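**Q**
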Amino acid sequence: MKNLNKTTTYGSIDISKDAIARIVGDEVCSSYGVAGLVDKNLASNKMEILPSDKYRKAISIKEINSSYEIEVHIGIIFPTKVTEIINEVQKRVRYVLEKTFAIKFNKISLYVDGLIINN
Numbered sequence: 284m285k286n287l288n289k290t291t292t293y294g295s296i297d298i299s300k301d302a303i304a305r306i307v308g309d310e311v312c313s314s315y316g317v318a319g320l321v322d323k324n325l326a327s328n329k330m331e332i333l334p335s336d337k338y339r340k341a342i343s344i345k346e347i348n349s350s351y352e353i354e355v356h357i358g359i360i361f362p363t364k365v366t367e368i369i370n371e372v373q374k375r376v377r378y379v380l381e382k383t384f385a386i387k388f389n390k391i392s393l394y395v396d397g398l399i400i401n402n
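For the sequence shown, my numbering begins at 284 and goes up steadily by one.
In structure tokens form, the structure reads like this:
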């Protein structure tokens, strides 16, 4: 998929997937209970938290019927209530994306790829 396009009365803007990934990643990582983003293509059982310059490896962005869907792969800190963390992160990500880009995001899916035990 190419960059996202936004047209306003002032002109048009191309928004890169990397820009969206960076905003999503920063918002997710600043959420309570989230250890960080993890690589969505990781074949082994070893979960590795990605640094901020690699957030794109944890995020998929798809355009479907003039709306966008985002998938984010995360690691959660244990013991926390996973369902509450997921719900809160989805709300935060949707809010910050729609406020920043004024684009409708139809679906934001979070996948918990691992738990990190916090002693």
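For each residue, glycine too, the CB sits at the ideal point set by N, CA and C.
These numbers were taken from a predicted model, which means no experiment stands behind them.
Using the three-state DSSP reduction, which class does K340 fall into: helix, strand or coil?
**A** When DSSP states are grouped into helix, strand and coil, K340 belongs to the helix group.
**Q** In the DSSP assignment, what are the bridge partners of K345?
**A** E352
**Q** Pairing CB atoms from the stretch 378-392 with CB atoms from the stretch 349-366, are three or more of them under 8 Å?
**A** yes
**Q** Less than 8 Å between the CB atoms is what I'm expecting for V376 and I391, so what's the real figure, rounded?
**A** 5 Å
**Q** Please determine if the stretch 330-344 and the stretch 293-312 are in contact, where contact requires at least 3 C-beta pairs separated by less than 8 Å.
**A** yes
**Q** What does DSSP give as the partner residue(s) for S295 in the beta ladder?
**A** T290
**Q** According to DSSP, simplified to helix, strand and coil, what is A304?
**A** In this structure, A304 counts as helix in the three-state DSSP scheme.
**Q** Tell me the rounded alpha-carbon separation between N401 and V321.
**A** 17 Å
**Q** Determine whether the beta carbon atoms of V311 and V365 lie at a separation below 8 Å.
**A** no
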